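Remarks on the structure that follows.
Numbering (the numbering used here), first residue to last: 462 to 710.
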C-alpha cells in the first residue's frame, strides 16, 4: 500500500509544469533509507525516500515519503521560499498510523497576526478552506505552542476512512498547492532591509520549532538510529540554519 504516492506524483508533475524546477542537493545517505522492523509474522520493511528541488523564488521544495505497509504511510511535503520573499511556507503532513489518519495542510504564515499579511495570503484561501472543511472536520486538540505557526486556513483533520484520504484529502491537497503556486507566480522580491531581517527571523523561528518538535523523530530513531535521524532533521528537512552558517564562513 502506497497511500500517498499519488499525492507526491501529482505535486511533482504540477511543479514541473508550472515552475522551472532545478535539483536541490540531498546530502549523501538521505535519498533512500531502508530498515526491517518487527519480528516474525509482524516483520515489515520500511522505506524512506527523499526528494528535493529549488527555483528562483523557492529555496527548497522537499518531500520525505515513508512506506511501511498498511499501518505506516507518511508524506511530509514542505516548500520553503527564498529569504527575499514574504511567501508563507506550504506544509502538508499526511500521516497514517495504526490508530488512523492524521492530516495537516496549510500555508504557514511568516507573520500570523499581521492583518496586512493575512489579507495578502490567508483571506484568499479561506473559501477553499471552508469548502473542504465540510468533508474534513477539525481534528481536535492541537498544541498551543504550535498555533502561531499555522494560519486561520489550517486544515487539521483525522479521517476514519482511507477512502476519505484518497478523495477529499487529495482534493484539498490539490487546491492548496495550486493556490500556493498562484501566490508564487505573483510574488515580488522584498528589498526593504528591515522587512528582510524580519523574514529571516520568522523563517528561523519556524524551522527551529519544527526541528525541535518534529513528531517523526521517535519513528526515525527507532528505524534508523539517533545519529542518522538528527542529521536528517537538521541537515536536510530543516536545513536553513546550517545553510546560513556555512554561508557566513
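Glycine residues also receive a C-beta, built at the ideal position from the N, C-alpha and C atoms.
This structure is a prediction, so every number in the text was calculated from the model and none was measured.
Comparing alpha-carbon positions, which option in 645, 611 and 559 lies nearest residue 565? 611
Identify whether residue 504 lies in helix, strand or coil by the three-state DSSP scheme. coil
Is it the case that the Cβ atoms of residue 523 and residue 498 are separated by a distance below 8 Å? no
Just the Cα atoms here: how many angstroms apart are residue 660 and residue 546? 8 Å
Assign residue 656 to one of two classes, buried (16 or more other C-beta atoms within 10 Å of its C-beta) or exposed (fewer than that). exposed
Tell me the rounded alpha-carbon separation between residue 492 and residue 465. 18 Å
In its own chain, which residues sit with a C-beta less than 8 Å from the C-beta of residue 640, not counting the 5 before and 5 after it? 568, 585, 586 and 589
Taking only three categories from DSSP, how would you classify residue 742? Coverage of the chain is limited to positions 462 through 710, which leaves residue 742 absent and any answer about it impossible.
Tell me the DSSP bridge mates of residue 494? 509
Tell me, please, which residues DSSP counts as bridged to residue 562. 557
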